[in-house]
Amino acid sequence: MSRDILFEIEAVDRTYVDANDNMVEALKNINLSINKGEFISIIGPSGCGKTTLLRLLAGLDVPESGKIRLSGEEIGGPDPTRGYVFQQSSLFPWLTVEKNIASGLMARGVYKQRKDEIAGYIKLIGLNGFEKTYPHQISGGMAQRVAIARALINHPVALLMDEPMGALDAFTRADLQDKLLELWRENDTTMILVTHDVDEALYLSDRVVIMSPRPGRISEVLNISLSRPRQRSSADFTALRNSILEKLHLVSEIQQPEYTI
Numbered sequence: 003m004s005r006d007i008l009f010e011i012e013a014v015d016r017t018y019v020d021a022n023d024n025m026v027e028a029l030k031n032i033n034l035s036i037n038k039g040e041f042i043s044i045i046g047p048s049g050c051g052k053t054t055l056l057r058l059l060a061g062l063d064v065p066e067s068g069k070i071r072l073s074g075e076e077i078g079g080p081d082p083t084r085g086y087v088f089q090q091s092s093l094f095p096w097l098t099v100e101k102n103i104a105s106g107l108m109a110r111g112v113y114k115q116r117k118d119e120i121a122g123y124i125k126l127i128g129l130n131g132f133e134k135t136y137p138h139q140i141s142g143g144m145a146q147r148v149a150i151a152r153a154l155i156n157h158p159v160a161l162l163m164d165e166p167m168g169a170l171d172a173f174t175r176a177d178l179q180d181k182l183l184e185l186w187r188e189n190d191t192t193m194i195l196v197t198h199d200v201d202e203a204l205y206l207s208d209r210v211v212i213m214s215p216r217p218g219r220i221s222e223v224l225n226i227s228l229s230r231p232r233q234r235s236s237a238d239f240t241a242l243r244n245s246i247l248e249k250l251h252l253v254s255e256i257q258q259p260e261y262t263i
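Next up, the structure:
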């Protein structure tokens, strides 16, 4: 796996106005480098800015101050080279599985040149036989696989995922986690996952980024040196899980500032 830097996040702050017209610091002084080919998970308490950080990497939002660079170039907006998968699959309900996967190609005007790739991605995500089905005819796990394939067919350098498995049952979630690892190995795509699930972060990641409550800061970045494939019941896995849960408990107890007008 290459160790070249893909993303550089330098002294990033993000502030917004909430529903009560209060100024809220979502992120404060975020500094992080992400290497090409890494699998990174971002975890932390609710409201700590995980999704905000992911949206900044995608170019769907802009920092108040600081810089975010992709391969040395400052990010100026969304781009197909950064695929984004939402918590809900967000498939087009009027399109079949294969047409949903093709929708990105159509939007970019390259469908005719690359339509032959669609069958390969359907096979890659294990949905052969479901090409002509519609989103309401498949399970939530299948729908998320389609959403991932829709992002990957654009050949992104990074796949950004905002809790894509959060609403799935345990069996489907574990199955999709293994599929993600398979896709990661086969495509050498940098993957950045926002999750609340410590086991998920440990099972998938090279590094885990722990964030503290608002204003969101990076509390710690842990290198996960467990060999793959990982066993969730192993002593080393359990020890790391307990350590991270303790760290999350500590950061969640940080006194949050009061906002007044």
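Positions in the sequence shown are counted from 1; adding 2 to them yields my numbering.
For glycine and all other residues, C-beta sits at the position ideal for the given N, C-alpha and C.
Counted within 10 angstroms of its Cβ, other Cβ atoms place E184 as buried (16 or more) or exposed: The residue you call residue 184 lines up with position 182 of the sequence shown. Exposed, by the Cβ-count rule.
Leaving out five residues before and five after R147 in sequence, what residues of the same chain have Cβ atoms less than 8 Å from its Cβ? Here residue 147 corresponds to residue number 145 of the sequence shown, with the count starting at 1. I127, G128, L129, L178, K181, listed in sequence order.
Tell me whether the segment 163-173 and the segment 107-115 touch, counting them as touching only if at least three CB pairs, one residue from each stretch, are closer than 8 Å. no
When we look at the beta-carbon of A13 and count the other beta-carbons within 10 Å, is it buried (16 or more) or exposed? Working through the sequence shown from its first residue, we reach residue 13 at position 11. With fewer than 16 other Cβ atoms within 10 Å, it is exposed.
Please look up how many angstroms separate the CB atoms of P82 and P166, rounded, as I've assumed it's under 8 Å. For the purposes of this step, residue 82 is taken as the residue at position 80 of the sequence shown. For the purposes of this step, residue 166 is taken as the residue at position 164 of the sequence shown. Their Cβ separation, rounded to whole angstroms, is 18 Å, which puts P82 and P166 out of contact at 8 Å.
Evaluate contact between the segment 62-81 and the segment 132-147, counting only Cβ atoms and requiring at least three cross-stretch pairs below 8 Å. no
Quick check: the Cα distance between N31 and L55, rounded to an integer number of angstroms? Taking the sequence shown and counting its residues from 1, the one referred to as residue 31 is at position 29. Taking the sequence shown and counting its residues from 1, the one referred to as residue 55 is at position 53. Looking at the two C-alpha atoms, the distance is approximately 12 Å.
Range covered by the beta strand (DSSP E) that runs through M163: On the sequence shown, position 161 is the one that residue 163 refers to. Note, M163: beta strand (DSSP E), 160-164.
What are the partner residues of T69, as DSSP defines its beta bridges? Numbered from its first residue, the sequence shown carries residue 69 at position 67. In the sequence as displayed, the identity of residue 69 is Lys instead of Thr. DSSP lists E12 as partners of K69.
Beta carbon proximity, L170 to chain D, threshold 8 Å: The question asks about chain D, but that chain is absent: this structure has only one protein chain.
Does the distance from the C-beta atom of P215 to that of V253 stay below 8 Å? One-based indexing of the sequence shown puts residue 215 at position 213. One-based indexing of the sequence shown puts residue 253 at position 251. In this structure, V253 lies closer than 8 Å to P215 by Cβ.
DSSP three-state label for G111, please. By one-based count along the sequence shown, residue 111 stands at place 109. G111 falls in the coil class under three-state DSSP.
Rounded to whole angstroms, what is the Cα-Cα separation between R84 and A151? Counted from its first residue, the sequence shown places residue 84 at position 82. Counted from its first residue, the sequence shown places residue 151 at position 149. Roughly 13 Å separates the two Cα atoms.
Looking only at its own chain, which residues have a Cβ that is under 6 Å from the Cβ of N189, when we skip the five neighbours before and after it? Taking the first residue of the sequence shown as position 1, residue 189 is located at position 187. The answer is none, since no qualifying residue turns up.
I'd like to check one pair, A153 with V87: are the Cβ atoms closer than 8 Å? Counted from its first residue, the sequence shown places residue 87 at position 85. Counted from its first residue, the sequence shown places residue 153 at position 151. In contact: V87 and A153 (Cβ atoms closer than 8 Å).
At which residues does the alpha helix (DSSP H) containing T54 begin and terminate? Indexing the sequence shown from 1 puts residue 54 at position 52. Residues 52-60.
Pull up the CB-CB distance for S35 and E10, whole angstroms please, since I reckon it's below 8 Å. For the purposes of this step, residue 35 is taken as the residue at position 33 of the sequence shown. For the purposes of this step, residue 10 is taken as the residue at position 8 of the sequence shown. Indeed, because the Cβ distance is near 5 Å, the residues count as touching under 8 Å.
Bridge partners - Y18, DSSP secondary structure assignment: Along the sequence shown, one-based indexing puts residue 18 at 16. Bridge partners of Y18: V26.
I'd like the list of long-range same chain contacts for E40, defined as Cβ closer than 6 Å, with 5 residues on each side in sequence excluded. Translated into positions along the sequence shown, residue 40 becomes position 38. Counting only Cβ-Cβ distances below 6 Å, and skipping sequence neighbours, we find T192, D208.
With DSSP as the reference, label N37 as helix, strand or coil. In the sequence shown, the residue the question calls residue 37 occupies position 35. Of the three classes helix, strand and coil, the one that applies to N37 here is strand, per DSSP.
Of the listed residues S221, L224, R219, L206, nearest to P231 (C-alpha basis): Counting from 1 along the sequence shown, the entry for residue 231 is found at position 229. Taking only the C-alpha atoms, the option nearest P231 is L206.
Which residue's Cα is closest to the Cα of M163: Q90, L8, G68, P65? Here the question's residue 163 lines up with position 161 in the sequence shown. Closest option to M163, Cα to Cα, is Q90.
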